[in-house]
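In the working numbering, the protein residues as written are 75 to 576.
Ideal Cβ placement from N, Cα and C applies to all residues, glycine included.
What follows is one structure encoded as structure tokens, with my remarks underneath.
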Ligand code: ADP
């Protein structure tokens, strides 16, 4: 039932508006109780008024019944006193009185229609047995009541005892009651119905007035209550349109405060991303421009010398070739980085023997190590097979070993240790190199970050190697950690799950 109502509500677009909902709730909360109250009070009014009328009439006809006996009216209807009383009561209640004797014959009808006729109705028969009756006919607006006309005579049994007169008198007097006739009265309830209608009309007017006032209050409240949300929307709009960088505070509600907080966090995150994108673009441009500027300077200086010797040409062309190679390396690194920035779905996972992969990397790097007089040591604790992207992991580990060789000292060493537990394999690359200052350890993974820019440049670094490495490892759901001591060496520890976690 409730989901059905929800569905229905959702289909009516206006009911999706919080303002419309607040308006409706206030309106219904005001109108429903007043409608219920009106219905309850009016219904109750009729019942109460009929009850009071019945009690009144019952008292009057009781007195009347006694007078009928006193004036022997059932035998002789000429008593002016009784006739005047009958007239008065029937006028007072806008009703009709019938007096019926023991033969069920009507001796008096205040309307003068039924006199002499016989009436044998259930109520009359019951009344002769001593039962009062009262029936309210709500449709025809009248109450019909019967009451027995009782003749009560007292007889004295005559058993008076000397010395205890009072007691004896009370106990020995007998009351004999005889029903001599029946009084039947019909009383109109038109007056009550008219009163009910007047009350109902007044209540309706009151209700309409309340409804109009409530509509006004509900509209005003809905507008006021919704205002903070409009302010939030305006503040967000201002940021979106670029009028301001920071979202204006809207402190009215806790809820709006939460929205603003959440939105501010999104905005500042976007700003950080935008700043880093801008920084990256300017770094890329700068890095790509440097070799070109060098080439231009070399070429210009050759062109300026009309008779430059062949050796100078050769020397400058060699430098130009080196710069081209450097430009090429930066572009290749950038392409690798872009590839690594993509989603993990681009991974080409297969089961790889890490020992063999490591040996291949070391074999490829041995010539560079030999050139720098650096010794490469590989220690494998066990055979390790893991689900990895062979190309990307090779690139990551090669970068680390290459750095360990590049940032080493003469006659230094690089020790690579491979180990695994039942969940992860670890590769530790330790070197005896120049080390990384403590304060730079957190930044070395940033794109284009170099501890010593000119030294890195001299040995062919681009500042992109560790960024590529870290991305590749994160794609494998692994981790990378560096510890270092300046002038003593650095140790990188890479930890990667044996089974790939999608
Ligand atoms: P680069 O191309 O300059 O080597 P990387 O991203 O590979 O760029 O490394 C960033 C910086 O971290 C390097 O410039 C260097 O200063 C520092 N670095 C990286 N590895 C080592 C290491 N094994 N020993 C000392 N310094 C290192």
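Excluding the five sequence neighbours on either side, which residues of its own chain have a C-beta within less than 7 Å of the C-beta of residue 241, listed in chain order?
Caution applies to residue 241, whose pLDDT of 49 falls short of 50 and renders its modelled position unreliable; the model cannot decide the point.
If the criterion is Cβ atoms closer than 7 Å, does the pair residue 247 and residue 228 meet it?
yes
With a floor of 4 residues, list each alpha helix (DSSP H) that falls wholly inside the segment 457–510, ordered by position along the chain.
464–480
Within the same chain, show all residues whose beta-carbon is closer than 6 Å to that of residue 471, passing over the 5 residues directly before and after it, in chain order.
435
If residue 459 and residue 545 are in contact, beta carbons under 8 Å, what's the gap, nearest whole angstrom?
24 Å between Cβ atoms; not a contact.
For the alpha helix (DSSP H) that contains residue 536, what are its first and last residues?
Premise fails: residue 536 is in no alpha helix (DSSP H) and is neither H nor E.
If you run the structure through DSSP and keep just helix, strand and coil, what is residue 116?
It is helical.
In three-state DSSP terms, what is residue 556?
strand
Which parts of the segment 178–237 are runs of the beta strand (DSSP E), unbroken and 3 residues or longer, counting only runs that do not cross its ends?
180–183, 207–211, 216–230
What separation, rounded to the nearest whole angstrom, lies between the Cα atoms of residue 294 and residue 95?
C-alpha separation (whole angstroms): 13 Å.
Residue 427 bridges to which residues according to DSSP?
459
In the structure shown, what three-state DSSP assignment does residue 261 receive?
strand
May I ask you to check if the CB of residue 348 is nearer than 6 Å to at least one heavy atom of the ligand ADP?
no
How long is the line joining the alpha carbons of residue 239 and residue 267, rounded to whole angstroms?
Because residue 239 carries a pLDDT of 47, less than 50, the predicted location of this residue cannot be relied on, and the following value inherits that uncertainty. Going from the Cα of residue 239 to the Cα of residue 267 covers about 57 Å.
Please state the DSSP three-state secondary structure of residue 317.
coil
In the DSSP assignment, the beta strand (DSSP E) including residue 355 goes from what residue to what residue?
Where residue 355 is concerned, there is no enclosing beta strand (DSSP E), although the alpha helix (DSSP H) it sits in stretches over 328–378.
Less than 7 Å separating the beta-carbons of residue 542 and residue 411?
In this structure, residue 411 lies closer than 7 Å to residue 542 by Cβ.
Are the beta-carbon atoms belonging to residue 326 and residue 302 less than 7 Å from one another?
yes
Go ahead and label residue 466 buried or exposed: buried means 16 or more other beta carbons lie within 10 angstroms of its beta carbon, across all protein chains shown.
buried
In the DSSP output, what is residue 175 paired with across the bridge?
255
In this structure, how does DSSP classify residue 152 when only helix, strand and coil are distinguished?
coil
Could you give the DSSP three-state label for residue 146: helix, strand or coil?
Judged by DSSP in its simplified three-state form, residue 146 adopts coil rather than helix or strand.
Could you give the DSSP three-state label for residue 127: helix, strand or coil?
If DSSP states are grouped into helix, strand and coil, residue 127 belongs with the helices.
Starting from the C-beta of residue 575, find all residues in its chain whose C-beta is less than 7 Å away, skip the five residues before and the five after it, and write them out in chain order.
551
Indicate, with yes or no, if the ligand ADP has a heavy atom lying under 6 Å from the CB of residue 530.
yes
Hey, out of 362, 357, 394, whose CA is closest to residue 375's CA?
394
Taking the C-alpha atoms as reference points, what is the distance between residue 369 and residue 379?
16 Å
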